[in-house]
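Engineer: Quick mapping for you: the protein sequence lines, in order, are chains A and E.
Per our numbering, the very first residue in the first sequence carries number 1; after that it's consecutive.
Per our numbering, the very first residue in the second sequence carries number 1001; after that it's consecutive.
C-beta atoms are modelled at their ideal positions from N, C-alpha and C, and glycine is treated no differently.
Structure in C-alpha cells, see below.
Protein chains: 2
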Amino acid sequence: MQSGKLVIAEGGGPTAVINQSLVGAVLEARRFPQIERIYGARYGVRGIVNEDFVDLSAETRANLEAVAATPSSALGSTRDKPDLAYCRNILATLKSHGVAWFLYIGGNDTAETVRIVSDEAAKAAYDLRCVHVPKTIDNDLMESDHAPGFPSAARFVAQAFMGADLDNRALPGVYVAVVMGRNAGFLTAASSAARMVEGDGPHLIYLPERIFDKNKFLSEIKSVHDRFGRCVIAVSEGVHDARGTPLSVRLPGTVEKDAHGNVQLSGTGALADILGEWIKSELGVNRVRADTFGYLQRSFAGCTSDVDRREAREVGEFAVKQAVWGPRNGSVTIRRLGDYAVDCALVNLDKVAGKTRVMPDAFIAPSGSDVSLSFREYLRALLGSGLPQPARLRGGAIAKVSKG
Amino acid sequence: MQSGKLVIAEGGGPTAVINQSLVGAVLEARRFPQIERIYGARYGVRGIVNEDFVDLSAETRANLEAVAATPSSALGSTRDKPDLAYCRNILATLKSHGVAWFLYIGGNDTAETVRIVSDEAAKAAYDLRCVHVPKTIDNDLMESDHAPGFPSAARFVAQAFMGADLDNRALPGVYVAVVMGRNAGFLTAASSAARMVEGDGPHLIYLPERIFDKNKFLSEIKSVHDRFGRCVIAVSEGVHDARGTPLSVRLPGTVEKDAHGNVQLSGTGALADILGEWIKSELGVNRVRADTFGYLQRSFAGCTSDVDRREAREVGEFAVKQAVWGPRNGSVTIRRLGDYAVDCALVNLDKVAGKTRVMPDAFIAPSGSDVSLSFREYLRALLGSGLPQPARLRGGAIAKVSKG
C-alpha cells in the first residue's frame, strides 16, 4: 500500500465555496491511515517551490468547518504558470517531503499545471497521484455540467440584477452592468434569473459567444427603452468584435496580462463607462448608470448557493477517494442526472487542462442578446434554495378627479 | 374628527428597506376608520401632480408583507424638487381628492419638499397633516441617531469588504473600492466592520469629512503595502480637495446634476479607476484592482439588517400615529437608548429639511484615514444578527527539508 503525505493547494481566482472543496478533501484524507500528514501549500504551486507549507492535520474540525463557510482561498492562490524548470522544482520538493498525493483545486489553467506535474512525475518514475479538483466562477471547464463556484457567483449576479432592476423601475433610465466570465458567457447569462414577470430586466444580455456589434447594441437598447421607458442590460467583460479583440482591450490605458497570457478584464470600470457614454451620447438617454460588479461577484461574504456548497464539498471528498483508490490521475467532473442530482467522475487531465468551454448555441436566444429557455432551466437548480422573491404592488389605479 | 384620504409617496434614492416603512404606514393607516382610503403616489410627488395614484387599501396583507421584504421603492421614486408652482399643483390635487394626510418617505431633500408643502397648506388654510418618514443609505439626516436604510447598506458594504479582503489575502496586491454616501462618510466608514483580526482590511478609509490629499493617500498606501505586502482601501465617492471640489468632478467627462443641484457621483467607475491608476503608476505596485460598489449597495436583493427592517417598519407605523393623533406636522427621527434600543420622536420639519449631517470628529481616527473605536461601537448594533464570521487556517508552518 502506497503511503506518504498529501499536499493540497488552491489556484487561480478565488470563489465563495472553494474552501468547501479544501475542507471536503482534508476531512476525507484524515480518514486514511496511509496518508501520514496533510500539508497545505500556501499561494498555490508557488508554496510548493518555496516550501511554504502549513499543517492541515493540526486544524480542528470546528475551525475547518468555519473555513469551509468562508469565501476566497484560505491557503492563498497564485496565477503562476509553471514551465518545465518550475515543474521539476515542484517535483523535487514534493519528493523531499515524501509526498504521495497532490491535489490542486482550480480552473482550466490549474488543470494544465496538474497535467504537466503528472506527466513529469511519470517520466521521472515518481509514484505521485495527482488529481485536479474543479473550481471556477466562469463555468468554462470541459466535461462538467457545471463547475463548483459558478452557482454561487450566478446567485450573486441574479440577486444583484434583481435589485438593480427594481432600482431602475423606481428611477427609470438605462442601467448597464459588466459581469465577469472571460470568454464564457455563463455568469453574465445568470442575470436572466432575476426576471420574474413580463417586463423585468435584464432586458438585454450580451455574451462573448456572440460578436458584439455597437449598432445592434444601441438599436436594441433604443427599442426596449421606447417600449418600457427604461432598460437594464447585462454585458460580459469578454465581449469582442468580429476579429476576437475584446472591447476592453481597445479602451485607453495599458493592457495587463497574467502568466497564462490572459488579458486582465476585471478590476476597472472602463468598459461599463464607455458603454454608458455611448448610450448617453448616441441615444440621448438622460439617466444612464453603469456598474461593474468586480470582485464582489466572486468573493462577497454571505451569498452562496446551498447546492454549490454541497457539491464543492463533495468534489473535494471525491478527489481524495479517487487519489487513494482510483487507478489513475485525472480531473474531477460533475455530471447532471435528471432534474436534479449529480454524480462525480474522474476524467483524463488532457480533456480539461487548458481548454475552455463556452455556452452552447442552445443556451442562447436567436436574437443573440438573450438566453434561451433551456439555459434558464439549466440554471434553475444550481441557484439553490431561498432565492429572494421580489414582490410588486398590485392595487388598481385611482380615477382622476381634478383634471381633464 | 378629521377624516379623508391618506396619500403616501417614496422619494429620492431607493434603499433595501424603504418598503418596510411604506408597509408599516399602510397597515397602521388601515386601522383608523377616519382614514377613508390609502393612496400611493407613483414616482413621488410627480405622481401627485400627474394624479397617478394606486389604491393601497386594495392590497392584500400577504402581498404587502412580500413588498416590505423587497428592495427599492415599490411606488417608484423621483428626484423632482418642487418649486412654488409645483407645490400649489400638489395641494390642488390633494384637495380635489379629499386628502387629509400626506406622508413622504425619503431623505433631507424629501423632507424639504414636505416642509414646503406643509407651509403652503398652512398659508392656504388647508388642514393637511404632513409627516416626513426618514430613509437614506447616506445616514446624513439631522436629529436622528441613524436613518433607516443605512444599516442594511452598511451591512452590504461590510460583507463586500470582508470578501474583498479575503480575496486580496489570496492574491495580494492593492484593492481600492469606492463607496456611496455623498458628503457623509458613514457608509464608507461601515467598511471597518469587515475587520476581525489584526491585519484585516480595509487598512485605510478615506472620508469626505477630511480633505483628500493625494500625497498622503499614496504614502499611506505605500506604508501599509510595505508592512503587509498588500493593502485594501475604502474611499468615499464624495472625497474632495481643500476647496471642497469633489475629486470625481475633476475627472474628464461631463458633470451631471439632479434637480436638487447634487452632482452625480455614482453610476460610473471613473473615480476608482483614476485612484487605481495613481497607485499603479506612482507606487509601482503590480497588481492593483479598483471596484465601484455602485447600485448594488443600496438595492441588492438579499442583504439586509434585521435591526434595520424592524426600525424601518416602525418609523412608518409611528408616522401614521403622529399624523392622526399628534399635534403638528414634522419629521420622524430615531433616538438611540443605551446599547441597544431606539425610540421614535417627531421633530419640526425645518430641523431636518435640506440639511446634511456628517460624521462627528469623534467617529474619525486622528490619522484622518480610519474610523475611531466609538464609530465601531456605534455601528455594531445596527448591522443586525447573523453577520458572516470569516475564519482562517491556524495550522503551523511545516519545517523546510529540501533547501537551505
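Listed in chain order, which residues of the region 1024-1046 of chain E have Cβ atoms closer than 7 Å to some Cβ of chain A?
Structural biologist: Residues passing the 7 Å Cβ filter: Tyr1039 and Gly1040.
Engineer: Would you verify that the beta carbon of A:Arg396 is, or is not, closer than 8 Å to some beta carbon of chain E?
Structural biologist: Indexing the first sequence from 1 puts residue 396 of chain A at position 396. With the sequence shown as reference, residue 396 of chain A is identified as Gly, and Arg is not the correct amino acid for it. Yes, because at least one Cβ of chain E sits closer than 8 Å to the Cβ of A:Gly396.
Engineer: List the whole-angstrom C-beta distance separating A:Val157 from A:Ala111, where the pair is believed to meet the contact cut-off of C-beta under 8 Å.
Structural biologist: Along the first sequence, read from residue 1 onward, the residue named residue 157 of chain A stands at position 157. Along the first sequence, read from residue 1 onward, the residue named residue 111 of chain A stands at position 111. Their Cβ separation, rounded to whole angstroms, is 24 Å, which puts A:Val157 and A:Ala111 out of contact at 8 Å.
Engineer: Of the residues that make up the region 147-166 of chain A, which ones have a beta carbon closer than 8 Å to any beta carbon in chain E?
Structural biologist: The region 147-166 of chain A vs chain E, Cβ under 8 Å: Gln159, Ala160, Met162, Gly163, Ala164 and Leu166.
Engineer: Determine the contact status of E:Asp1055 and A:Gly395, defining contact as a CB-CB distance below 8 Å.
Structural biologist: In the second sequence, residue 1055 of chain E corresponds to position 55, counting from 1. In the first sequence, residue 395 of chain A corresponds to position 395, counting from 1. It is a contact, given that the beta carbons lie within the stated cut-off.
Engineer: Just checking, does the region 1196-1209 of chain E make contact with the region 1223-1235 of chain E on the three C-beta pairs under 8 Å criterion?
Structural biologist: They touch, by the three-pair rule.
Engineer: What residues of chain E sit near A:Pro71, judged by a beta carbon separation below 9 Å?
Structural biologist: As a first step, residue 71 of chain A is located in the first sequence; it is residue number 71 there, counting from the start. In chain order: Met1162, Gly1163, Leu1166, Asp1167, Pro1388 and Pro1390.
Engineer: In the DSSP assignment, what are the bridge partners of A:Ile38?
Structural biologist: The sequence position of residue 38 of chain A within the first sequence is 38, counting from 1. Partner(s): A:Leu6.
Engineer: Whole angstroms is fine: what's the gap from A:Ala29's alpha carbon to A:Val7's?
Structural biologist: Here residue 29 of chain A is taken as the residue at index 29 of the first sequence, counted from 1. Here residue 7 of chain A is taken as the residue at index 7 of the first sequence, counted from 1. For A:Ala29 and A:Val7, the distance between alpha carbons rounds to 10 Å.
Engineer: Can you have a look at E:Gln1020 and say buried or exposed, based on whether 16 or more other CB atoms are within 10 angstroms of its CB?
Structural biologist: Along the second sequence, one-based indexing puts residue 1020 of chain E at 20. The residue in question, E:Gln1020, is buried, as its Cβ has 16 or more Cβ neighbours within 10 Å.
Engineer: Report yes if the C-beta distance between E:Tyr1039 and E:Leu1091 is below 8 Å; otherwise report no.
Structural biologist: The residue you call residue 1039 of chain E lines up with position 39 of the second sequence. The residue you call residue 1091 of chain E lines up with position 91 of the second sequence. No, the pair does not count as a contact, with Cβ atoms beyond the cut-off.
Engineer: Secondary structure at A:Thr110, three-state DSSP: helix, strand or coil?
Structural biologist: To locate residue 110 of chain A, count along the first sequence from 1; it is residue 110. Of the three classes helix, strand and coil, the one that applies to A:Thr110 here is helix, per DSSP.
Engineer: Ignore the nearest five residues each way along the sequence and tell me which others in A:Phe32's own chain have a CB closer than 7 Å to its CB.
Structural biologist: Within the first sequence, residue 32 of chain A is the residue found at index 32, counting from 1. Around A:Phe32: Val324.
Engineer: Quick one: residues in its chain with C-beta nearer than 6 Å to the C-beta of A:Ala16, no 5 flanking neighbours on either side, listed in chain order?
Structural biologist: Here the question's residue 16 of chain A lines up with position 16 in the first sequence. Pro71, Ser152 and Thr304, listed in sequence order.
Engineer: CB A:Gly330 to CB A:Val347, shorter than 8 Å?
Structural biologist: For this step, residue 330 of chain A is matched to residue 330 along the first sequence. For this step, residue 347 of chain A is matched to residue 347 along the first sequence. Cβ distance < 8 Å, so A:Gly330 and A:Val347 count as in contact.
Engineer: Does the separation of the CB atoms of E:Gly1354 and E:Asp1080 fall below 8 Å?
Structural biologist: Position 354 of the second sequence, counted from the first residue, corresponds to residue 1354 of chain E. Position 80 of the second sequence, counted from the first residue, corresponds to residue 1080 of chain E. Their beta carbons are not under 8 Å apart, which means E:Gly1354 does not touch E:Asp1080 by this criterion.
Engineer: For the region 51-64 of chain A, which residues have a CB atom closer than 7 Å to at least one CB atom of chain E, in sequence order?
Structural biologist: Cβ contacts with chain E come from Glu51, Phe53, Val54, Asp55, Leu56, Ala58, Glu59 and Asn63.
Engineer: Under 8 Å between C-beta atoms, does A:Pro14 make it to chain E?
Structural biologist: Taking the first sequence and counting its residues from 1, the one referred to as residue 14 of chain A is at position 14. Yes, contact with chain E.
Engineer: Please report the Cβ distance between E:Thr1078 and E:Tyr1043, rounded to the nearest whole angstrom; I am assuming they are in contact, meaning their Cβ atoms lie under 8 Å.
Structural biologist: Translated into the one-based positions of the second sequence, residue 1078 of chain E becomes position 78. Translated into the one-based positions of the second sequence, residue 1043 of chain E becomes position 43. Contact holds; Cβ gap of about 5 Å.
Engineer: Hey, does E:Val1133 have any beta-carbon neighbour from chain A nearer than 8 Å?
Structural biologist: Along the second sequence, read from residue 1 onward, the residue named residue 1133 of chain E stands at position 133. So, not an interface residue.
Engineer: State the beta-bridge partners of E:Asp1343 as determined by DSSP.
Structural biologist: Translated into positions along the second sequence, residue 1343 of chain E becomes position 343. DSSP, once it has assigned bridges, lists E:Arg1335 as partnering E:Asp1343.
Engineer: Consult DSSP for E:Gly1371 and reduce its assignment to one of helix, strand or coil.
Structural biologist: The residue labelled residue 1371 of chain E in the question sits at position 371 within the second sequence. Per the sequence shown, residue 1371 of chain E should be read as Val rather than Gly. E:Val1371 falls in the strand class under three-state DSSP.
Engineer: Check whether the Cβ atoms of E:Asp1052 and E:Ala1041 sit closer than 8 Å, and answer yes or no.
Structural biologist: Start at 1 with the first residue of the second sequence, and residue 1052 of chain E comes out as number 52. Start at 1 with the first residue of the second sequence, and residue 1041 of chain E comes out as number 41. Contact: yes.
Engineer: For the beta strand (DSSP E) that A:Asp165 lies in, which residues bound it at each end?
Structural biologist: The sequence position of residue 165 of chain A within the first sequence is 165, counting from 1. That residue, A:Asp165, is in no beta strand (DSSP E); its alpha helix (DSSP H) goes Phe150 to Ala170.
Engineer: By the 9 Å beta-carbon criterion, what residues does the region 1275-1294 of chain E contribute toward chain A?
Structural biologist: Residues Gly1276, Glu1277, Lys1280, Asn1286, Arg1287, Val1288, Arg1289, Ala1290, Asp1291, Thr1292, Phe1293 and Gly1294.
Engineer: DSSP puts A:Pro246 in a beta bridge; with which residues?
Structural biologist: Counting from 1 along the first sequence, the entry for residue 246 of chain A is found at position 246. Paired residues: A:His240.
Engineer: Are the C-beta atoms of E:Thr1093 and some chain A residue less than 8 Å apart?
Structural biologist: Reading the second sequence from its first residue, position 93 is the one you call residue 1093 of chain E. Judged by the 8 Å Cβ criterion, E:Thr1093 is in contact with chain A.
Engineer: Using a 10 Å radius around the Cβ and a threshold of 16 neighbouring Cβ atoms, would you call E:Val1197 buried or exposed?
Structural biologist: One-based indexing of the second sequence puts residue 1197 of chain E at position 197. Exposed: under 16 other Cβ atoms inside 10 Å.
Engineer: Once DSSP output is grouped into helix, strand and coil, what is the label at A:Arg289?
Structural biologist: Within the first sequence, numbered from 1, the residue matching residue 289 of chain A stands at position 289. Three-state DSSP puts A:Arg289 in a strand.
Engineer: Give a yes or no on whether the minimum CB-CB distance between E:Gly1404 and chain A is below 8 Å.
Structural biologist: Within the second sequence, the letter at position 404 stands for residue 1404 of chain E. Its pLDDT being 48, under 50, E:Gly1404 is placed unreliably by the model, and the measurement read from it follows with that caveat. False, the Cβ-Cβ gap to chain A never drops below 8 Å.
Engineer: Below 8 Å CB to CB, which residues in the same chain sit around E:Gly1386 once its five sequence neighbours on both sides are set aside?
Structural biologist: Start at 1 with the first residue of the second sequence, and residue 1386 of chain E comes out as number 386. Contacts found: Asp1306.
Engineer: Please say whether E:Asp1291 and A:Gly294 have beta carbons closer to each other than 8 Å?
Structural biologist: Numbered from its first residue, the first sequence carries residue 294 of chain A at position 294. Numbered from its first residue, the second sequence carries residue 1291 of chain E at position 291. Their beta carbons are under 8 Å apart, which means A:Gly294 touches E:Asp1291 by this criterion.
Engineer: Is the CB of E:Leu1379 under 8 Å away from at least one CB in chain A?
Structural biologist: Taking the first residue of the second sequence as position 1, residue 1379 of chain E is located at position 379. No, because no Cβ of chain A sits closer than 8 Å to the Cβ of E:Leu1379.
Engineer: Just to make sure I have the definition right: I need the residues of chain E whose C-beta is within less than 9 Å of the C-beta of A:Gly4. Which are they?
Structural biologist: Counting from one through the first sequence, the residue named residue 4 of chain A turns up at place 4. Going along chain E, no residue has its Cβ under 9 Å from A:Gly4, so there is no contact; the nearest lies around 13 Å.
Engineer: Taking the CB atoms as reference points, tell me whether E:Thr1356 and E:Asp1145 lie closer together than 8 Å.
Structural biologist: Locating residue 1356 of chain E in the second sequence gives position 356, where the first residue counts as 1. Locating residue 1145 of chain E in the second sequence gives position 145, where the first residue counts as 1. Contact flag unset, no.
Engineer: Mark E:Val1401 as exposed unless 16 or more other C-beta atoms lie within 10 angstroms of its C-beta, in which case mark it buried.
Structural biologist: Within the second sequence, residue 1401 of chain E is the residue found at index 401, counting from 1. Exposed, by the Cβ-count rule.
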